[in-house]
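Following my numbering, the numbering of the sequence shown begins with 781 at its first residue and continues without gaps. Don't be surprised by glycine CBs; every beta carbon is placed ideally from N, CA and C.
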Amino acid sequence: MTQRFEHFSAIIFNICRCWNKIAGDEMKKVGLKGSCAMYLCLIGSHDGTMTASRLSDFCGKDKADVSRALALLEEKDLIRRTGGGYRAALALTEQGLKLKGYLDQRIALVLDIAGGDLTDTERDTMYAALDAVAARLKILSQEGLPDPASF
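Now the structure itself:
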């Protein structure tokens, strides 16, 4: 059991570390933080319907991190808010759309290289398994582990 935990944890940690490094390197080219890549992609994919609150929930980031990133994205004229407050709808500006297009190309390249040896079936199985594990871990993180006496 310990080996499963170590293996799973190491894989997830290394994927996150590498992805954050790649995103950080790409976003540094335009004077942004790596986390801004995810925010731009999500806003672009949900143009006009994404809010700061939904970004925070989707990415698992605290509201302060999201707020700082959105302020920076607004300052660089990459996003605009329709309405006020934390529930204001977010949309990409023309400049934001161009940057998202660039990010889409770079992300596709990373995914093609990283998953180049996987068949479509293997990829679908991997994502289904990760979705299932993530859903159960989310419940455990919210509700806590069951009492050992209940086993």
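Bounding residues of the alpha helix (DSSP H) (the contiguous stretch that carries residue i)
{"i": "Thr905", "result": "900 to 923"}
{"i": "His826", "result": "It is not in any alpha helix (DSSP H) - His826 carries neither H nor E in the DSSP assignment."}
For residue i, the three-state DSSP class (helix, strand or coil)
{"i": "Arg834", "result": "helix"}
{"i": "Ala868", "result": "coil"}
{"i": "Pro928", "result": "helix"}
{"i": "Val810", "result": "coil"}
{"i": "Thr782", "result": "helix"}
Distance between residue j and residue i (C-alpha atoms, nearest Å)
{"i": "Ile802", "j": "Ala817", "result": "10 angstroms"}
{"i": "Thr899", "j": "Ile887", "result": "18 angstroms"}
{"i": "Met750", "j": "Arg861", "result": "In this structure the chain extends from 781 to 931, so residue 750 is not present and cannot be described."}
{"i": "Ser825", "j": "Pro928", "result": "43 angstroms"}
{"i": "Arg903", "j": "Gly895", "result": "8 angstroms"}
{"i": "Leu891", "j": "Ala871", "result": "25 angstroms"}
{"i": "Ser833", "j": "Asp911", "result": "22 angstroms"}
{"i": "Tyr882", "j": "Leu889", "result": "11 angstroms"}
Proximal residues to residue i (C-beta, below 7 angstroms), its chain only, five neighbours per side dropped
{"i": "Cys747", "result": "A query on residue 747 cannot be resolved here, the shown segment of the chain reaching from 781 to 931 and no further."}
{"i": "Leu835", "result": "Tyr819, Leu822, Val846"}
{"i": "Leu879", "result": "Val810, Leu820, Leu858"}
Extent of the continuous beta strand (DSSP E) to which residue i belongs
{"i": "Thr862", "result": "859 to 862"}
Within 8 angstroms, strictly: CB atoms of residue i and residue j
{"i": "Ala868", "j": "Thr829", "result": "no"}
{"i": "Gly804", "j": "Gly814", "result": "yes"}
{"i": "Asp857", "j": "Gln875", "result": "yes"}
Close beta carbons around residue i, own chain, < 6 angstroms, minus the five adjacent residues each side
{"i": "Asn800", "result": "Gly814"}
Cβ neighbours of residue i in the same chain (closer than 8 angstroms, five flanking residues each side left out)
{"i": "Gly865", "result": "none"}
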